[in-house]
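Protein chains: 2
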Amino acid sequence: MAERDLEATERQRSGHSANVDCASDAETRASAMTGDEADLGAIDDIIGFHIRLAHGATYRHFTETFSELGLTQKMVSVLWLIDDHPHIAQADIGRRLQMDRATTMAIINRLEARSLLVRGASTLDRRRQTLTLTATGHEALIEARRCIDEHEQWVRSRFTKREATLLIELLRRIHE
Amino acid sequence: MAERDLEATERQRSGHSANVDCASDAETRASAMTGDEADLGAIDDIIGFHIRLAHGATYRHFTETFSELGLTQKMVSVLWLIDDHPHIAQADIGRRLQMDRATTMAIINRLEARSLLVRGASTLDRRRQTLTLTATGHEALIEARRCIDEHEQWVRSRFTKREATLLIELLRRIHE
DNA sequence: CAGATTTGTATGCTATGCTTACGAAATCGG
DNA sequence: CCGATTTCGTAAGCATAGCATACAAATCTG
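Going down the list, the protein sequences come from chains A and B. Using our numbering, the first residue of the first sequence is number 2, and each one after it goes up by one. Using our numbering, the first residue of the second sequence is number 2, and each one after it goes up by one.
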């Protein structure tokens, strides 16, 4: 399904004859020094860098798992949140998921366009609009939860229960 | 600089009089049950969810730190990598940073447009193009490293040295 | 040599996220 | 109670990022 260059495991370039045309040693090194794992140099010690890679890997697997459902991480999070808190307002969702108001709206729009939720007027605050899942939305969420379980299993397979808890704990310190 | 709704701390809605117009209890609950921290319900146990939030928080702080330099995480990573491995090829960069070839090119293009690097023909493999930092690019990287230190400090401030090492270790298991 | 693979490239689509701006509604301070 | 401030939803525009697909040239493999 995905060409994804990334899958390609690093094949080691076989030793090159030393007297080609005498390309700069640097160039030789640059392409030859790929052992089992890519040498990342000093960025390897930057936490943010690893977060980004881990996020990318997680995102990729998520997308794959959800390709049939056609839902993204954000969409599922929003559906989930609305299900947990019926009649929640956009602003609340944004706050909880740490998204901009505009970004939140974009997602809600897409969700609404697919009839997974409905906007309704709030009786408490007429600035607000209460968001509620439709039957379809509820079904989609149930389906999504199944996929999430599978996805979460993929992530957790590399950790003990203790490690998983610890990881969440550490990550929470960053975003909370 | 940033309006960012996210900054807004959750102010608790003062208790509502019980006999307004009798809005559904659900709606009341949805907006009222925001204590000190947003209640996220069950998604709170999903590792991927926390990775995403942590990534978002990190990304935001990074962007802020680099707003003057006008560089993104990806750009810096690429510059850094080229500096560590002069004459590296695009494909290698993509593999190491786990990016698509097309995505990699987009970034290289932007970097080249800003004269931070130059593409040159490879003497070893004429399909490849060796990438090298310009003087400007090198300066930018030096400047960037200063910002990264600051950024990394922001992240690390919430961890002990041991925890930081552990966190990287755990994250590595996900993306490696 | 012929076929498969790799590399760089171009094009186009989608999702995300931010900014700025606006109007309507609510809240706050006097 | 009224004016100032804030919140909420919305809209339009811009940049980044990521993916798929397709091509041509170069290289590798059998």
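Every residue, glycine too, gets a C-beta built ideally from N, C-alpha and C. Being a predicted model, the structure only gives us computed values, none of them experimental.
Practice item. Tell whether a beta-carbon distance below 9 Å holds between A:Thr-131 and A:Pro-87. Key: In the first sequence, counting from the first residue as 1, residue 131 of chain A sits at position 130. In the first sequence, counting from the first residue as 1, residue 87 of chain A sits at position 86. Taking 9 Å as the Cβ cut-off, A:Thr-131 and A:Pro-87 qualify as a contacting pair.
Exercise for review: Within the same chain, show all residues whose beta-carbon is closer than 8 Å to that of B:Leu-80, passing over the 5 residues directly before and after it, in chain order.
Suggested key: Along the second sequence, one-based indexing puts residue 80 of chain B at 79. The answer, listed in chain order, is Leu-72, Leu-112, Leu-117, Leu-118, Leu-134, Gly-138, Ala-141, Leu-142 and Ala-145.
Check your understanding: Taking C-alpha atoms, which residue in A:His-152, A:Asp-84, A:Ile-48 and A:Glu-164 lies nearest to B:Ala-58?
Key -> Counting from one through the second sequence, the residue named residue 58 of chain B turns up at place 57. Considering only alpha carbons, the answer is A:Ile-48.
Practice item. Write down the C-beta distance between A:Leu-54 and B:His-51 rounded to the nearest angstrom, noting that I regard them as a contact closer than 8 Å. Key: In the first sequence, counting from the first residue as 1, residue 54 of chain A sits at position 53. In the second sequence, counting from the first residue as 1, residue 51 of chain B sits at position 50. Going by Cβ atoms, the distance from A:Leu-54 to B:His-51 rounds to 15 Å, so no, they are not a contact pair.
Practice item. Measuring only between beta-carbons, confirm whether B:Val-178 sits less than 9 Å from chain A. Key: The shown model of chain B, from 2 to 177, leaves out residue 178 of chain B, and the question about it has no answer.
Review point. Residues of chain B with CB under 7 Å from A:Thr-137, in chain order?
Key: For the purposes of this step, residue 137 of chain A is identified with residue 136 of the first sequence, where counting begins at 1. Proximity of chain B to A:Thr-137 at the Cβ level (cut-off 7 Å) is not reached, the minimal Cβ distance being about 20 Å.
Exercise for review: Quick one: give me the first and last residue of the beta strand (DSSP E) that B:Ala-92 is part of.
Suggested key: Residue mapping note: residue 92 of chain B aligns to position 91 of the second sequence, counting from 1. Run containing B:Ala-92: none in the beta strand (DSSP E); it sits in the alpha helix (DSSP H), 91-98.
Review point. Roughly how many whole angstroms lie between the Cα atoms of B:Gln-154 and B:Ile-109?
Key: Translated into positions along the second sequence, residue 154 of chain B becomes position 153. Translated into positions along the second sequence, residue 109 of chain B becomes position 108. The alpha-carbon atoms of B:Gln-154 and B:Ile-109 are separated by roughly 28 Å.
Exercise for review: Kindly list, in the order they appear in chain B, the residues whose Cβ is closer than 8 Å to that of A:Phe-63.
Suggested key: Residue mapping note: residue 63 of chain A aligns to position 62 of the first sequence, counting from 1. Against chain B, a Cβ distance below 8 Å from A:Phe-63 picks out Gly-49.
**Study point:** Local conformation of B:Leu-118 per DSSP, three classes
**Key:** Here the question's residue 118 of chain B lines up with position 117 in the second sequence. Strand.
**Study point:** Member of A:Ser-123, A:Thr-104, A:Phe-67 and A:Lys-75 whose CA lies at the smallest distance from the CA of A:Ile-89
**Key:** Counting from 1 along the first sequence, the entry for residue 89 of chain A is found at position 88. If we check each option's Cα against that of A:Ile-89, A:Ser-123 comes out closest.
**Study point:** Pair within 9 Å by beta-carbon distance, B:Gly-168 and A:Leu-171
**Key:** Here residue 168 of chain B corresponds to residue number 167 of the second sequence, with the count starting at 1. Here residue 171 of chain A corresponds to residue number 170 of the first sequence, with the count starting at 1. Sequence check: residue 168 of chain B is Leu here, not Gly. In contact: B:Leu-168 and A:Leu-171 (Cβ atoms closer than 9 Å).
Check your understanding: Going along chain B, which residues have a C-beta under 8 Å from A:Ala-107?
Key -> Numbered from its first residue, the first sequence carries residue 107 of chain A at position 106. Simply none; closest approach about 14 Å.
Check your understanding: Using the beta-carbon count (16 or more within 10 Å), is B:Lys-162 buried or exposed?
Key -> For the purposes of this step, residue 162 of chain B is taken as the residue at position 161 of the second sequence. It counts as exposed.
**Study point:** Helix, strand or coil at A:Thr-105 according to DSSP, with G and I counted as helix
**Key:** Along the first sequence, read from residue 1 onward, the residue named residue 105 of chain A stands at position 104. A:Thr-105: helix per DSSP, three-state reduction.
Exercise for review: Taking only the alpha-carbon atoms, compute the straight-line gap between A:Ala-92 and A:Thr-104 and give it to the nearest angstrom.
Suggested key: Translated into positions along the first sequence, residue 92 of chain A becomes position 91. Translated into positions along the first sequence, residue 104 of chain A becomes position 103. Their backbone Cα atoms lie some 11 Å apart in a straight line.
Exercise for review: Label B:Ser-68 either buried or exposed according to how many other C-beta atoms from any shown protein chain fall within 10 Å of its C-beta, with 16 as the threshold for buried.
Suggested key: Taking the second sequence and counting its residues from 1, one reaches residue 68 of chain B at position 67. Classified as exposed, B:Ser-68 has fewer than 16 neighbouring CB atoms from the shown chains inside 10 Å of its CB.
Review point. Where does A:Thr-133 sit, in a helix, a strand or coil, going by DSSP?
Key: Start at 1 with the first residue of the first sequence, and residue 133 of chain A comes out as number 132. The answer is strand: DSSP assigns A:Thr-133 an E or B state.
Point to revise | Proximal residues to A:Gln-99 (C-beta, below 8 Å), its chain only, five neighbours per side dropped | key: Numbered from 1 along the first sequence, position 98 holds the residue referred to as residue 99 of chain A. Excluding sequence neighbours, A:Gln-99 sits near His-176.
Point to revise | Residues near A:Ile-1 by beta carbon distance below 7 Å, same chain, minus five either side | key: The structure shown does not extend to residue 1 of chain A, since chain A is modelled only from 2 through 177, so no value can be given for it.
Check your understanding: Taking 9 Å as the CB-CB limit, is A:Leu-172 close to chain B?
Key -> As a position in the first sequence, residue 172 of chain A is number 171, starting the count at 1. Yes, its Cβ sits closer than 9 Å to a Cβ of chain B.
Practice item. Would you list, in chain order, the members of the segment 143-172 of chain A that have their beta-carbon closer than 8 Å to a beta-carbon of chain B? Key: Ile-149, His-152, Glu-153, Val-156, Arg-157, Arg-159, Phe-160, Glu-164, Ala-165, Leu-167, Leu-168, Ile-169, Leu-171 and Leu-172
Review point. If we ignore side chains and look at the alpha-carbon of each, how far apart do B:Cys-148 and B:Val-77 end up?
Key: For this step, residue 148 of chain B is matched to residue 147 along the second sequence. For this step, residue 77 of chain B is matched to residue 76 along the second sequence. Near 10 Å, if we compare the C-alpha coordinates of B:Val-77 and B:Cys-148.
Point to revise | B:Thr-66: contacting residues in chain A (beta-carbon distance under 9 Å) | key: For the purposes of this step, residue 66 of chain B is identified with residue 65 of the second sequence, where counting begins at 1. Within chain A, no residue comes near B:Thr-66; the closest Cβ sits about 10 Å away, beyond 9 Å.
Point to revise | Candidates A:Asp-46, A:Asp-84, A:Asp-45 and A:Phe-63, of which the one nearest A:Val-156 by Cα | key: Taking the first residue of the first sequence as position 1, residue 156 of chain A is located at position 155. The residue with the shortest Cα to Cα distance from A:Val-156 is A:Phe-63.
Review point. Where does A:Ala-31 land, buried or exposed, given buried means 16+ other C-beta within 10 angstroms?
Key: In the first sequence, the residue the question calls residue 31 of chain A occupies position 30. Annotation note: pLDDT 46 at A:Ala-31 (below 50); position unreliable, coordinate value reported separately. Counting Cβ neighbours within 10 Å, A:Ala-31 comes out buried, since at least 16 surround it.
Check your understanding: If A:Arg-115 sits next to B:Arg-174, beta carbons under 8 Å apart, how far is it from one beta carbon to the other, in whole angstroms?
Key -> Mapped onto the first sequence, residue 115 of chain A falls at position 114. Mapped onto the second sequence, residue 174 of chain B falls at position 173. Between B:Arg-174 and A:Arg-115 the Cβ distance is about 35 Å, and since that is not below 8 Å, they are no contact.
Check your understanding: Sorted by chain position, which residues of the same chain lie with C-beta nearer than 7 Å to A:Asp-46's C-beta, five sequence neighbours on each side aside?
Key -> Locating residue 46 of chain A in the first sequence gives position 45, counting from the first residue. There are no such residues.
Check your understanding: Closer than 9 Å, CB to CB, is A:Ala-58 near chain B or not?
Key -> Position 57 of the first sequence, counting from 1, holds the residue named residue 58 of chain A. Cβ-Cβ to chain B under 9 Å: yes for A:Ala-58.
Exercise for review: Can you tell me which of the three DSSP states A:Glu-140 falls into?
Suggested key: On the first sequence, position 139 is the one that residue 140 of chain A refers to. The answer is helix: DSSP assigns A:Glu-140 an H, G or I state.
Check your understanding: Ordered along the chain, which non-local residues of its own chain (more than five positions away) have a Cβ less than 7 Å from that of B:Asp-101?
Key -> Stepping through the second sequence from its first residue, residue 101 of chain B is reached at position 100. Counting only residues of its own chain and dropping the five nearest sequence neighbours on each side, B:Asp-101 has a CB closer than 7 Å to the CB of Gly-95.
Exercise for review: Label A:Arg-128 either buried or exposed according to how many other C-beta atoms from any shown protein chain fall within 10 Å of its C-beta, with 16 as the threshold for buried.
Suggested key: Residue mapping note: residue 128 of chain A aligns to position 127 of the first sequence, counting from 1. By the neighbour-count rule (16 or more Cβ atoms within 10 Å), A:Arg-128 is not buried but exposed.
Check your understanding: Do the CB positions of A:Gly-42 and B:Asp-85 come within less than 9 Å of each other?
Key -> Within the first sequence, the letter at position 41 stands for residue 42 of chain A. Within the second sequence, the letter at position 84 stands for residue 85 of chain B. Taking 9 Å as the Cβ cut-off, A:Gly-42 and B:Asp-85 qualify as a contacting pair.
Exercise for review: Output, in chain order, the set of chain A residues within a Cβ distance shorter than 7 Å of B:Leu-54.
Suggested key: Along the second sequence, read from residue 1 onward, the residue named residue 54 of chain B stands at position 53. By Cβ distance, chain A contributes Gln-99 and His-176.
**Study point:** Straight-line gap, A:Thr-66 to A:His-152 (C-alpha atoms, nearest Å)
**Key:** Translated into positions along the first sequence, residue 66 of chain A becomes position 65. Translated into positions along the first sequence, residue 152 of chain A becomes position 151. Going from the Cα of A:Thr-66 to the Cα of A:His-152 covers about 7 Å.
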